[in-house]
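Chemist: Residue numbers (numbering that gives the first Met the number 0), protein chains in the order written: chain A, 0 to 264; chain B, 0 to 253.
The C-beta atom is built at its ideal place from N, Cα and C for all residues, glycine as well.
These figures come from a predicted structure and were not determined experimentally.
Okay, here's the structure, questions in a sec.
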Amino acid sequence: MEDLILTPRGWIEAFGEIVRFAARMLREVASLRVMRFFGEALRQAGILIVSSTLVIWGLVFIIGLECGIEGAYFTYGEGTPAYSGVFAAWCDLRELVPLVFGYMMAAKVGTGIVAELGSMRISDEIDALEVMGISGMRFLCATRLLAALMVLPFVYLCSIAAGFFASYLAVVQQIGYVSSGGFFLIFWQFQNPPDLLYSLIKAMAMAIVIVIVGCYYGYNASGGPVGVGTATAKSMVLNLVSVHLIGMLGTQLFWGANPRAPIGG
Amino acid sequence: MLEEVGNMMLLTGRTLVSAVRPPYPYGSEFVGQFLFAMRLCWFPLLVSTIAFGYEAPGLQAANFLVLFGALDRLGGFFVLASIREFAPFVDAIVLAGVAGTAITADLGARKIREELDALEVLGVDPIKNLVVPRFLALMLLTGLFDIYALIFGVFGGILATVVNHAPLGPFFATFFNNAETTDLWGSVVKTTLFGAIIAIVCCYKGMTASGGAEGVGRAVNQAVVIAFLGIFAFNYAFTQTLLATHPDITTIIK
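This is the structure in structure tokens:
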């Protein structure tokens with residue numbers, strides 16, 4: 000871990016290797032060679048749905064509540080409680096739900112992949128696959144990426160719904176400075192389908208990076224059970240930094256020059 | 000699930016008791032863990048807070064305020080956004096994701112190599128010698144890193160102001176007009192308690208790691224998920240209580 004953080008040289012080297020690994024993985028998926036193992040991809044998708052969706056929605060729900068109370072108290076302080084919908088809409092849809100989705104993806108799915116693939120690597124199961132003539136990269140990594148691409152857009156859209164519902168609960172039902180109708184009027188006025196699409200693109204970019212980083216650290220784990228633990232911890236560092244950077248670049252790209260608000264000139 | 004929560008509560012209680020009861024053999028381990036976590040976290044935290052501050056409260060709020068020609072109010076918004084909410088929360092996420100996972104991996108490795116059992120056989124209490132120093136180090140470090148996260152979060156806001164070609168004077172004027180000491184101590188107390196949550200969850204998961212090759216990786220995975228959920232749930236309860244009991248901090252002085 001030290002070399003990854005402390006020396007710029009090790010940092011750049013690791014980055015280059017991850018990019019090369021990512022290119023190989025994306026090639027397997029884009030060239031549809033992964034379709035030979037479509038059954039395995041479906042199984043991975045099932046595991047993703049059963050084990051990770053609820054906890055992601057739970058975390059997004061909590062952040063929706065928080066956006067709600069902050070927005071309600073802030074707009075009340077400004078003397079415009081009727082406008083707490085603006086705060087909720089932008090905070091949820093544009094910023095916090097993608098970020099929190101990224102956090103929980105990194106924590107639950109990313110480290111889960113590292114732990115799983117890492118233990119396969121150190122118990123020589125990946126080598127056994129290669130001996131049987133099955134590409135470990137294709138069977139283990141590419142199928143996981145395909146599963147993520149199939150499932151996560153829907154998981155993400157549902158988590159936006161969870162965030163919206165939580166903000167509604169916090170602003171209207173709990174704090175109650177604004178009526179339900181007034182809240183929703185402003186709330187829906189200040190967002191439109193392109194915003195939803197941009198938010199989805201941001202979140203999917205995070206999710207793809209997280210799956211790739213997880214596969215990289217798991218696939219290249221070494222040093223026994225202890226090594227798997229260290230690799231899992233390391234993947235988290237890179238994932239957190241990249242989630243924040245993707246969030247920042249996405250916001251700059253999609254909303255930096257154009258606030259996309261139905262007011263002003 | 001409930002049993003795990005109960006066990007974590009028990010571990011918290013035992014950690015607190017053995018932290019205050021003499022003897023105090025954990026001094027050097029405390030310093031070592033503090034420096035270890037600081038070395039790991041300072042850079043990811045720096046990148047994360049600047050990115051977050053520039054992105055969420057910076058760009059989006061600046062966009063909104065520019066429409067009204069009131070970009071000078073961005074400073075006042077940063078008091079709410081950065082001090083009260085986002086600096087503590089990014090601080091805790093990074094500490095849990097970076098230092099917390101490292102602690103779980105470390106303790107988990109010792110557990111499955113049976114080093115912890117060996118310590119007990121030697122009559123060394125693992126809670127006093129391993130958990131207490133990590134608990135205190137993470138609490139202190141998360142609290143201190145809150146100030147660091149806050150400074151760089153506000154730096155993100157300064158970047159957003161500069162990108163909009165606005166002068167910085169009004170930003171600082173509204174920032175300091177709206178900054179309350181209640182916000183600051185609330186923020187620091189909150190993050191110190193986040194540090195306690197992270198330390199307990201990560202130490203517990205590391206010390207109960209089991210199951211061969213996959214064990215330590217699994218433990219790290221579960222530790223970080225539980226820590227995130229704990230942080231967010233506690234953050235909601237704390238913010239709600241603070242805002243509801245201190246109506247003065249929600250008033251905007253212009």
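1) Quick check: the Cα distance between A:Met-0 and A:Glu-77, rounded to an integer number of angstroms?
2) Answer yes or no: does any C-beta atom of chain A fall closer than 8 Å to that of B:Ala-36?
3) Is the CB-CB distance between A:Ala-256 and A:Phe-186 below 8 Å?
4) Would you please verify whether the beta carbon of A:Ile-159 is less than 8 Å from any beta carbon of chain E?
5) Since I believe A:Ala-165 is in contact with A:Leu-265 (beta carbons under 8 Å), could you give me their beta-carbon distance rounded to a whole number of angstroms?
6) Given that a residue counts as buried once 16 or more other Cβ atoms are within 10 Å of its Cβ, and exposed if not, what is A:Ile-211?
7) Using a Cβ cut-off of 9 Å, pull out every chain A residue sitting near B:Tyr-53, in sequence order please.
8) Need the endpoints of the alpha helix (DSSP H) that A:Gln-188 sits in, please.
9) Measure the alpha-carbon distance for A:Asp-2 versus B:Ala-101 and round it to whole angstroms.
10) Select from B:Ala-55, B:Leu-137, B:Asn-163 and B:Arg-13 the residue whose C-alpha is nearest the C-alpha of B:Leu-66.
11) Within the present structure, is the beta-carbon of B:Phe-237 separated from the nearest heavy atom of the ligand FMN by less than 7 Å?
12) Does the beta-carbon of B:Gln-221 have 16 or more other beta-carbons within 10 angstroms, so that it is buried, or is it exposed?
13) Run through the segment 223 to 255 of chain A for me and flag every whole alpha helix (DSSP H) of 4 or more residues, listed as ranges in chain order.
14) Going by DSSP, what residue range makes up the alpha helix (DSSP H) through B:Asn-307?
15) Under DSSP, the alpha helix (DSSP H) around A:Cys-66 begins and ends at which residues?
16) Give a yes or no on whether the minimum CB-CB distance between A:Gly-15 and chain B is below 8 Å.
17) Quick one: grab the DSSP three-state call for A:Ile-17.
18) Below 8 Å between beta carbons is the criterion; list the residues of the segment 232 to 247 of chain B that meet it against any residue of chain A, in chain order.
19) Could you name the residues of the same chain whose beta carbon sits closer than 7 Å to that of A:Ala-206, not counting the 5 residues immediately before and after it, in chain order?
20) Pull up the distance between the alpha-carbon of A:Gly-15 and that of A:Ile-112, whole angstroms please.
21) Determine the closest residue to A:Trp-56 out of A:Ile-159, A:Leu-128, A:Trp-254 and A:Gly-84, with distance taken between C-alpha atoms.
22) With 8 Å set as the bound, which would you pick, yes or no: does the beta-carbon of A:Gly-213 sit closer than that to a beta-carbon of chain B?
23) Using a Cβ-Cβ cut-off of 8 Å (strictly less than) and excluding sequence neighbours within five positions of B:Gly-210, which residues of its own chain qualify?
24) Could you name the residues of the same chain whose beta carbon sits closer than 6 Å to that of A:Ile-209, not counting the 5 residues immediately before and after it, in chain order?
25) I'd like the span of the alpha helix (DSSP H) that includes A:Asp-194, first residue to last.
26) List the whole-angstrom C-beta distance separating A:Phe-163 from A:Val-85, where the pair is believed to meet the contact cut-off of C-beta under 8 Å.
27) Assign A:Asp-2 to one of three DSSP states: helix, strand, or coil.
28) Could you have a look at A:Ala-160 and say whether DSSP puts it in helix, strand or coil?
29) Going by beta-carbon coordinates alone, are A:Ser-83 and A:Tyr-155 separated by less than 8 Å?
30) For B:Ala-60, count neighbouring C-beta atoms within 10 Å of its own C-beta (all shown protein chains included) and say buried if the count is 16 or more, exposed if not.
31) Three or more C-beta pairs closer than 8 Å, one from the segment 230 to 237 of chain A and one from the segment 112 to 128 of chain A: is that the case here?
32) Using a C-beta to C-beta distance shorter than 7 Å, which residues of chain B count as neighbours of A:Tyr-102?
33) On the premise that B:Ile-230 lies in contact with B:Ala-95, defined as a C-beta separation below 8 Å, what is that separation, rounded to the nearest angstrom?
34) Tell me, to the nearest whole angstrom, how far the beta carbon of B:Val-131 is from that of B:Thr-14; I am working on the premise that it is less than 8 Å.
Modeler: Judging by the given coordinates:
1) In this prediction, A:Met-0 has a pLDDT of 49, which is less than 50 and means its spatial position is unreliable; nothing more can be read from the coordinates.
2) No - not a single Cβ of chain A is within 8 Å of the one on B:Ala-36.
3) Not in contact: A:Ala-256 and A:Phe-186 (Cβ atoms no closer than 8 Å).
4) Of the protein chains in the structure, A and B, none is chain E.
5) Absent from the structure is residue 265 of chain A, since the part of chain A shown begins at 0 and ends at 264.
6) Classification of A:Ile-211: buried, given that the 10 Å Cβ count is 16 or more.
7) Neighbours of B:Tyr-53 across chain A, judged by C-beta separation under 9 Å: Met-247, Thr-250 and Gln-251.
8) Boundaries of the alpha helix (DSSP H) harbouring A:Gln-188: 179 to 188, taken from the DSSP string.
9) With a pLDDT of 49 at A:Asp-2, under the threshold of 50, the predicted position of this residue should be treated as unreliable, and no value is reported.
10) For B:Leu-66, the nearest C-alpha among the options comes from B:Asn-163.
11) Ligands displayed in this structure: none; no statement on the ligand FMN is therefore possible.
12) Around the beta-carbon of B:Gln-221, 16 or more other beta-carbon atoms lie within 10 Å, marking it buried.
13) Segments of the alpha helix (DSSP H) lying fully in the segment 223 to 255 of chain A: 223 to 254.
14) Chain B is shown from 0 up to 253; residue 307 of chain B falls before or after that span and cannot be answered.
15) Following the DSSP letters along the chain, one finds A:Cys-66 inside the alpha helix (DSSP H) bounded by residues 37 to 77.
16) Answer no: the Cβ-Cβ gap between A:Gly-15 and chain B never drops below 8 Å.
17) Collapsing the DSSP output to three states places A:Ile-17 in a helix.
18) Within the segment 232 to 247 of chain B, the residues whose Cβ lies closer than 8 Å to some Cβ of chain A are Ala-232, Asn-234, Tyr-235, Thr-238, Gln-239 and Leu-242, listed in chain order.
19) In its chain, beyond the 5 residues on either side, Met-104, Ala-147 and Leu-151 have a beta carbon closer than 7 Å to the beta carbon of A:Ala-206.
20) Looking at the backbone, the Cα of A:Gly-15 and that of A:Ile-112 are separated by about 21 Å.
21) Considering only alpha carbons, the answer is A:Ile-159.
22) Not a single C-beta of chain B is nearer than 8 Å to the C-beta of A:Gly-213.
23) Shown here for B:Gly-210: same chain residues with a beta carbon closer than 8 Å to its own, the five before and five after excluded, namely Arg-217 in chain order.
24) So the qualifying residues of the chain are Met-104, Ala-105, Gly-109 and Asn-238.
25) Annotation: the continuous alpha helix (DSSP H) that includes A:Asp-194 extends over 192 to 218.
26) Going by Cβ atoms, the distance from A:Phe-163 to A:Val-85 rounds to 14 Å, so no, they are not a contact pair.
27) Residue confidence for A:Asp-2 is low, a pLDDT of 49 falling below 50, so the modelled location carries little weight; the figure read from the coordinates is stated next. It is helical.
28) Helix at A:Ala-160.
29) No. Outside cutoff.
30) Result: buried.
31) A contact is defined here as three or more CB-CB pairs under 8 Å, and the segment 230 to 237 of chain A meets this definition with respect to the segment 112 to 128 of chain A.
32) Going along chain B in sequence order, the residues near A:Tyr-102 (Cβ under 7 Å) are Ile-92 and Phe-227.
33) B:Ala-95 to B:Ile-230, Cβ: 6 Å. Contact.
34) Indeed, because the Cβ distance is near 6 Å, the residues count as touching under 8 Å.
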